[in-house]
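Working notes for the structure below.
There are 2 protein chains.
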Amino acid sequence: MQLNQATDYALRAMLVLASLKPGEVVDAQTIATRERIPMRFLLRTLRLLVKAGIATSQRGVGGGYALARSPEEVTLLDVVEAVEGPIRINRCLLDPEYCGKRWADHCPVHQALAGVQSALRHELARHNFAELIRGAKGNQSTRDSRE
Amino acid sequence: MQLNQATDYALRAMLVLASLKPGEVVDAQTIATRERIPMRFLLRTLRLLVKAGIATSQRGVGGGYALARSPEEVTLLDVVEAVEGPIRINRCLLDPEYCGKRWADHCPVHQALAGVQSALRHELARHNFAELIRGAKGNQSTRDSRE
DNA sequence: TTAAAATTATACTAGATGGGTATAGTTTAG
DNA sequence: CTAAACTATACCCATCTAGTATAATTTTAA
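Order-wise, the sequence lines are chains A and B.
Residue numbering for the first sequence is 1 to 147, as defined by our numbering.
Residue numbering for the second sequence is 1 to 147, as defined by our numbering.
In structure tokens form, the structure reads like this:
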């Protein structure tokens, strides 16, 4: 029940991209240094973001990366699913084969988890990168993560 | 971003325990057969539930497992954390060492993820086993998990 | 007091995943 | 045509996952 390291790096890289001035690009080495991310690992991760269509890349001299759309239009969910694939909280939600066969649709565990998964995805989709770069001050969620 | 198989088994085992009449116990073999769970794996998983204090066990002839409290008082969150340990969506939420050192508290990614994690835990805590055994009909969440 | 029914406690294993590195290739500006 | 950048695979090792194996302990009851 944890996001992997690539996703963490991707989120921080996206934060850098979201801060760029329009038309500007930033190269991977700069991101790697600023965010203390292993270069080769970052390159692979950035490719996932490009493939998912939330970042763009330009090769050659003076090339680099940028956001594919405005920061408001990119959410945490976009990044998480770009790196890790679609969120499936339980494999029975992905492959009905796992759902005990007998119940399929009317399994109460399945139903409850579907609701939780949906809530999780909505929560991730609520945060966009415009909000994030505006900064953490004035954050609407002050609840302790430990509660 | 997925619950592991042990958790899935635990949830289904707990569903069996929640259906017991007061004073009744059920042995692991019965659960394993009914829920198609590998016996030895189930035994280990049940031990986690016992250690976490949400199930009780009784050894010897006629022994077995039961809920430690009423079904209303056991939530999905209890089971998930009993099996997988505390939910930490990102390791930076667990170990500040990972949080880039420079920002610590004022990292916007950290803050947003803390909010998401909190929402996830609350959502898991909303579902208890009394509700689950009452059945999936009349479920309050009909949202498609794919949305 | 012994046998059988049950849980407990470790230890092990094959395969997958996670996090990272290496090597080689392609595009592009100048 | 060269250097700066991204692209594409392939590889590596440590940890995790899911499951199995072996042995011990507790309890009931014949």
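Backbone N, C-alpha and C fix where the C-beta goes; we use that ideal spot for every residue, glycine too.
Given the structure is predicted, the values throughout are model-derived calculations rather than measurements.
Out of the options, which one is the CA nearest neighbour of residue i?
i      : options                       : result
A:Q180 : A:I87, A:A10, A:N128          : Residue 180 of chain A is absent from the model: chain A starts at 1 and stops at 147.
B:H106 : A:A52, A:I133, A:S70          : A:I133
B:I89  : B:E72, B:E73, B:V109, B:D8    : B:V109
A:A6   : A:L67, A:E84, A:L17, A:G135   : A:E84
B:A18  : B:M39, B:Y65, B:I37           : B:Y65
B:D78  : B:P38, B:A52, B:S57, B:T56    : B:A52
B:L11  : B:R40, B:E35, B:M39, B:R126   : B:E35
A:P22  : A:R69, A:R40, A:A125          : A:R69
A:V50  : A:A125, A:E131, A:A130, A:V74 : A:V74
At a Cβ threshold of 8 Å, is residue i touching chain B?
i      : result
A:P71  : no
A:R59  : no
A:V25  : no
A:N139 : Only weak support is given to the placement of A:N139: the predicted model assigns it a pLDDT of 42, under 50, and the value that follows is read from those uncertain coordinates. Yes, its Cβ sits closer than 8 Å to a Cβ of chain B.
Are residue i and residue j closer than 8 Å when you measure CB to CB?
i      : j      : result
B:G60  : B:D27  : no
A:L48  : A:A13  : no
A:N128 : A:P71  : yes
B:R91  : A:Q2   : yes
A:V25  : A:Q58  : yes
B:L20  : A:A112 : no
Could you work out which residues of chain A lie near residue i, taking near to mean beta carbons separated by less than 9 Å?
i      : result
B:L132 : P108, V109, Q111, A112
B:L76  : V109, A112, L113, V116
B:A28  : Neighbours of B:A28 on chain A: none; closest Cβ ~18 Å, over 9 Å.
Answer yes or no: does any C-beta atom of chain A fall closer than 8 Å to that of residue i?
i      : result
B:D8   : yes
B:L11  : yes
B:L17  : no
B:R40  : no
B:L67  : no
B:L120 : yes
Anything in chain B within Cβ reach of residue i, meaning under 7 Å, just list it in chain order.
i     : result
A:I87 : M1
Since residue i and residue j are thought to touch, with beta carbons under 8 Å apart, how far apart are those beta carbons, to the nearest angstrom?
i      : j      : result
A:E123 : B:A119 : 4 Å
A:A55  : A:L67  : 6 Å
B:Y9   : B:T33  : That belief does not hold up - the Cβ atoms of B:Y9 and B:T33 are roughly 13 Å apart, past 8 Å.
Under 8 Å between beta-carbons, which chain B residues line up against residue i? List them in chain order, please.
i      : result
A:L124 : V116
In chain A, which residues lie with their C-beta within 8 Å of the C-beta of residue i?
i     : result
B:R91 : Q2, Q5, D8
Could you work out which residues of chain A lie near residue i, taking near to mean beta carbons separated by less than 7 Å?
i      : result
B:G135 : P108
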